[in-house]
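Here's the structure we're looking at; comments come further down.
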Amino acid sequence: MDRLLTAEAALADWYGEFELPEGAVAEWRIGPARFQVVHRFGEWRVSQQRDEGLPLHAEVAFDDVEPMPEDKVERFVYADQSGVFHVQPLLPDRSVVSRPAAPLFVPAGEAVRLYVTVPLWLQLSVGKQRKRLLEVPSYRPSDTWFGPTTMTGELCYALRSRCRLYLEDAEFVPYRAHIPVQIRNQASKQLSLERVCVPVRQLSLYVTRDGRFWTDEVGLEQRDEGGSLAALRLGGKAPKEAVDAQRIATSRDAPGRRTAIHAFSALFNL
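Taking our numbering, the leading residue of the sequence shown gets 166, the next gets one more, and so forth.
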């Protein structure tokens with residue numbers, strides 16, 4: 166989405182590149198997140214604030230912007246006065262944990278496809294070289310620990326959204342991304358799914374023409390060998406549901422084999 170938007174054109178698009186000349190003020194309202202950007206000589210000022218509730222809008226305004234309090238301002242010095250400001254959607258910076266809407270069991274030899282939705286992070290950068298200023302979560306979930314013990318596992322985000330069996334049950338939210346998770350139970354015993362932990366740092370981000378965000382498909386297979394979830398697959402492209410999707414962000418981490426197997430071996434609480 167490397168297009169340069171004027172103030173008028175940007176009213177229909179809340180991410181991408183924007184032209185903010187010296188003296189310009191803009192405000193993004195992405196769900197519960199609000200952040201203002203002020204371009205002054207030699208610096209950019211960014212202010213953040215959270216709204217109550219979880220509004221479903223995603224928009225940017227250039228007029229009638231009421232300044233936020235000075236104590237919320239972060240200042241970034243930057244000599245280039247080109248006025249290019251970039252908002253890049255990203256996936257969260259930690260693995261995310263979601264629960265099925267109700268206890269879910271996958272008998273031996275069966276498969277299930279789940280849909281997990283995650284809030285987007287927004288990377289703010291300036292100039293043609295895209296010098297990074299900071300990242301702003303559209304919604305920051307609460308922290309949770311995922312692992313068999315307090316010594317083994319990782320710090321994750323706990324999602325409010327549920328793992329859905331049907332895409333139509335997942336409400337469209339403009340600042341969330343859909344993650345398809347394909348699970349095959351090739352073991353001889355029934356698989357019980359209580360919590361799903363998805364390592365989103367290894368997934369790319371896509372967007373379709375209708376404004377929906379997607380990630381690579383995550384596929385994994387339960388086997389009998391030691392009860393581990395050893396077989397895994399990252400799609401490497403937009404899933405089948407995302408017709409005419411465009412990739413707009415690569416994964417934060419390269420999906421190295423050792424890292425991937427370690428992450429997916431603890432994908433479920435068994």
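Cβ atoms here follow ideal geometry from the backbone N, Cα and C, with glycine treated the same way.
DSSP three-state assignment for residue i, whether helix, strand or coil
i           : result
residue 366 : helix
residue 330 : coil
residue 184 : strand
residue 308 : strand
residue 294 : coil
residue 208 : strand
residue 231 : coil
residue 191 : strand
When the options are compared against residue i, the one with the closest alpha-carbon
i           : options               : result
residue 273 : 232, 357 and 350      : 350
residue 360 : 328, 377, 200 and 188 : 328
residue 255 : 227, 285 and 249      : 285
residue 363 : 280, 356 and 229      : 280
residue 382 : 376, 375, 373 and 404 : 404
residue 210 : 413, 235, 195 and 221 : 235
residue 253 : 372, 386 and 244      : 372
residue 178 : 398, 283, 374 and 213 : 374
residue 398 : 384, 411, 263 and 406 : 384
residue 182 : 247, 410, 320 and 194 : 247
residue 379 : 356, 352 and 335      : 335
residue 257 : 242, 300 and 206      : 300
residue 418 : 215, 228, 259 and 245 : 259
residue 215 : 242, 195 and 411      : 195
Residue i classed as buried or exposed, judged by whether at least 16 other C-beta atoms fall within 10 angstroms
i           : result
residue 332 : exposed
residue 394 : Note that residue 394 scores a pLDDT of 49, beneath 50, so its modelled location is shaky; the value from the coordinates is reported in the next line. Counting Cβ neighbours within 10 Å, residue 394 comes out buried, since at least 16 surround it.
residue 240 : exposed
residue 341 : buried
residue 310 : exposed
residue 338 : buried
residue 302 : buried
residue 408 : exposed
residue 188 : exposed
residue 415 : exposed
residue 376 : exposed
residue 436 : Look at the range of the chain in this structure, 166 to 435, and you will see that residue 436 is not part of it.
residue 306 : buried
residue 387 : buried
residue 315 : exposed
residue 270 : exposed
residue 192 : buried
residue 262 : buried
residue 401 : exposed
residue 250 : buried
residue 343 : buried
residue 204 : buried
residue 320 : exposed
residue 282 : buried
residue 345 : buried
residue 225 : buried
Residue i CB to nearest heavy atom of the ligand GDP below 8 Å
i           : result
residue 316 : Looking for the ligand GDP in the displayed structure turns up nothing, as the structure carries no ligands at all.
Minimum Cβ-Cβ distance from residue i to chain B less than 9 Å
i           : result
residue 347 : The structure shown contains no chain B, having only a single protein chain.
Identified DSSP bridge partners for residue i
i           : result
residue 179 : In the DSSP output, where bridge partners are listed per residue, residue 179 has none listed.
residue 222 : According to DSSP, residue 222 bridges with nothing at all.
residue 253 : 288
residue 438 : Coverage of the chain is limited to positions 166 through 435, which leaves residue 438 absent and any answer about it impossible.
residue 276 : 349
residue 337 : In DSSP, residue 337 forms no bridge with anything.
residue 355 : The partner list for residue 355 (beta bridge, DSSP) is empty, contrary to what the question assumes.
* Asked: Any contact of the region 363 to 378 with the region 288 to 295, i.e. 3+ C-beta pairs under 8 Å?
  -> no
* Would the region 222 to 236 and the region 185 to 200 be scored as touching if the rule is three or more Cβ pairs under 8 Å? -> Cβ pair count under 8 Å is three or more, so yes.
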